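Under UniProt numbering, residues 1 to 218 are what the sequence shown spells out, in order. Take a look at the structure below.
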Amino acid sequence: MARLEKDAIASRGIPKKWPLPKYEKWLVCDQENHLLFCKVCVQFGRPVGRDGKTNHFVTGSRGFRTSKLQNHVENDEHILALSAQYASEIKPGQSEIEKGIINLNEKETAKLSKLFITAFYLAQREMPFTEFVELLRLQTVNFDVDLMANYASDKQAKTFVQEITDTMMQDVKRGCFIILCDCYTDSSVIEEEIIYLRYIELNRLNVNQLLSIYVLWD
Numbered sequence: 001m002a003r004l005e006k007d008a009i010a011s012r013g014i015p016k017k018w019p020l021p022k023y024e025k026w027l028v029c030d031q032e033n034h035l036l037f038c039k040v041c042v043q044f045g046r047p048v049g050r051d052g053k054t055n056h057f058v059t060g061s062r063g064f065r066t067s068k069l070q071n072h073v074e075n076d077e078h079i080l081a082l083s084a085q086y087a088s089e090i091k092p093g094q095s096e097i098e099k100g101i102i103n104l105n106e107k108e109t110a111k112l113s114k115l116f117i118t119a120f121y122l123a124q125r126e127m128p129f130t131e132f133v134e135l136l137r138l139q140t141v142n143f144d145v146d147l148m149a150n151y152a153s154d155k156q157a158k159t160f161v162q163e164i165t166d167t168m169m170q171d172v173k174r175g176c177f178i179i180l181c182d183c184y185t186d187s188s189v190i191e192e193e194i195i196y197l198r199y200i201e202l203n204r205l206n207v208n209q210l211l212s213i214y215v216l217w218d
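Take a look at the structure:
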């Protein structure tokens, strides 16, 4: 592989035998500048990860070794970028958790789904985000899974819940509303029916809007 890397540097291109098919869904090569980019991380990720390290596949990587590519595939920042990509492409009707983990490989799915579900559990029960770390630690002990790396903080729990909330709000924007009707008697003892609309604004506030009042004649 070292020889292939030297050939790539010399030709400023990618060797024909270079194993691209495994990575072609996300890997992009700038032939002129001899740089590799992850199109998923460029669009949905960030140049500097949550651990403070530079994501070279956003700024441009010169590492053509397959080991570097595989390390990027398993990197937490790449997994989160994939999650954001799938959430943007998913069709309405699937759960918010599925939007974050669909189509990921088995290892990535097992890790990311547990993190999302744990954060969702906290939000559903209105528990403080500070409980997130203890819940991850409990799962690590009981199920022998490593969930503590990079995400064991209340800030990360808030981030997961915010991503779930934003995804759910996208569904709300597609036309979630209710029409309510109620009968009452006015001061002249005439039955009337009030009709109003209930919906959720983008700032997540419930809104009730009067549509009309109908007099109910016998």
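For every residue, glycine included, the Cβ atom is placed at its ideal position computed from N, Cα and C. This one's a predicted model, so the numbers in the text were calculated from it and none came from an experiment.
_With 16 other Cβ atoms within 10 Å as the buried cut-off, status of L216_ = Taking the first residue of the sequence shown as position 1, residue 216 is located at position 216. Label assigned to L216: exposed.
*Distance between beta carbons of A152 and L122, contact taken as under 8 Å*: As a working note, residue 122 is residue 122 in the sequence shown. As a working note, residue 152 is residue 152 in the sequence shown. No, L122 and A152 are not in contact; Cβ-Cβ is about 14 Å, not under 8 Å.
*Euclidean distance between Cα positions of V48 and S61*: Locating residue 48 in the sequence shown gives position 48, counting from the first residue. Locating residue 61 in the sequence shown gives position 61, counting from the first residue. Their backbone Cα atoms lie some 14 Å apart in a straight line.
*In angstroms, rounded to a whole number, what distance separates the CA positions of V141 and F132?*
Counted from its first residue, the sequence shown places residue 141 at position 141. Counted from its first residue, the sequence shown places residue 132 at position 132. Between the C-alpha atoms of V141 and F132 there is a straight-line separation of about 14 Å.
*If you follow the beta strand (DSSP E) that L69 is part of, which residue opens it and which one closes it?*
To locate residue 69, count along the sequence shown from 1; it is residue 69. That residue, L69, is in no beta strand (DSSP E); its alpha helix (DSSP H) goes T66 to V73.
*Pull up the distance between the alpha-carbon of P139 and that of F129, whole angstroms please.*
Position 139 of the sequence shown holds residue 139. Position 129 of the sequence shown holds residue 129. The identity of residue 139 in the sequence shown is Gln, whereas the question assumes Pro. Distance between the alpha carbons of Q139 and F129: 16 Å.
_So I200 and I213 are supposed to be a Cβ contact under 8 Å. How far apart are they, rounded?_
The residue given as residue 200 occupies position 200 in the sequence shown. The residue given as residue 213 occupies position 213 in the sequence shown. The Cβ separation is near 24 Å, so there is no contact.
*Classify K114 as buried or exposed, calling it buried when 16 or more other Cβ atoms lie within 10 Å of its own Cβ.*
Translated into positions along the sequence shown, residue 114 becomes position 114. The C-beta of K114 has 16 or more other C-beta atoms within 10 Å across all chains shown, which makes the residue buried.
_Residue span of the alpha helix (DSSP H) that contains T59, given as start and end_ = Stepping through the sequence shown from its first residue, residue 59 is reached at position 59. Taken as a continuous stretch (DSSP letters only), the alpha helix (DSSP H) holding T59 covers H56 to T59.
*Just curious, the alpha helix (DSSP H) that V189 is in, first and last residue?*
In the sequence shown, residue 189 corresponds to position 189, counting from 1. Looking at the DSSP string, V189 is not in any alpha helix (DSSP H), and its letter there is neither H nor E.
*At what residues does the beta strand (DSSP E) containing F177 begin and finish?*
Along the sequence shown, read from residue 1 onward, the residue named residue 177 stands at position 177. Looking at the DSSP string, the run of the beta strand (DSSP E) that includes F177 is F177 to T185.
*asked:* Given this structure, state the Cα-to-Cα distance separating L112 from I79, to the nearest angstrom.
replied: As a first step, residue 112 is located in the sequence shown; it is residue number 112 there, counting from the start. As a first step, residue 79 is located in the sequence shown; it is residue number 79 there, counting from the start. Taking the straight line from one Cα to the other gives about 8 Å.
_V161 - partner residues in DSSP beta bridges_ = Reading the sequence shown from its first residue, position 161 is the one you call residue 161. Paired residues: none, contrary to the question.
*Following the continuous alpha helix (DSSP H) through V40, name the residue where it begins and the one where it ends.*
Locating residue 40 in the sequence shown gives position 40, counting from the first residue. Looking at the DSSP string, the run of the alpha helix (DSSP H) that includes V40 is K39 to F44.
*CA-to-CA distance, L180 to L210, given in whole angstroms*: Along the sequence shown, read from residue 1 onward, the residue named residue 210 stands at position 210. Along the sequence shown, read from residue 1 onward, the residue named residue 180 stands at position 180. Spanning the two alpha carbons is a distance of roughly 10 Å.
*Nearest neighbour of N208, chosen from C41, V28, Q31 and F177 [CA to CA]*: Sequence index remark: in the sequence shown, residue 208 carries index 208 (1-based). When only C-alpha atoms are compared, the closest one is F177.
*asked:* Please report the straight-line C-alpha distance between Q170 and I164, rounded to a whole angstrom.
replied: Here residue 170 refers to the residue found at position 170 when the sequence shown is read from its first residue. Here residue 164 refers to the residue found at position 164 when the sequence shown is read from its first residue. Those two C-alpha atoms are separated by around 10 Å.
_Best match in G45, R65 and F64 for proximity to N75 [C-alpha to C-alpha]_ = Position 75 of the sequence shown, counted from the start, is the residue given in the question as residue 75. Looking at the Cα atoms, G45 is the closest of the given residues.
*With distances taken from CA atoms, which of T54, T159 and N71 is nearest V42?*
As a position in the sequence shown, residue 42 is number 42, starting the count at 1. Out of T54, T159 and N71, T54 has the C-alpha closest to the C-alpha of V42.
*Determine the burial state of V189: buried for a count of at least 16 other Cβ atoms within 10 Å of its Cβ, exposed for fewer.*
Translated into positions along the sequence shown, residue 189 becomes position 189. Under this definition V189 is an exposed residue.
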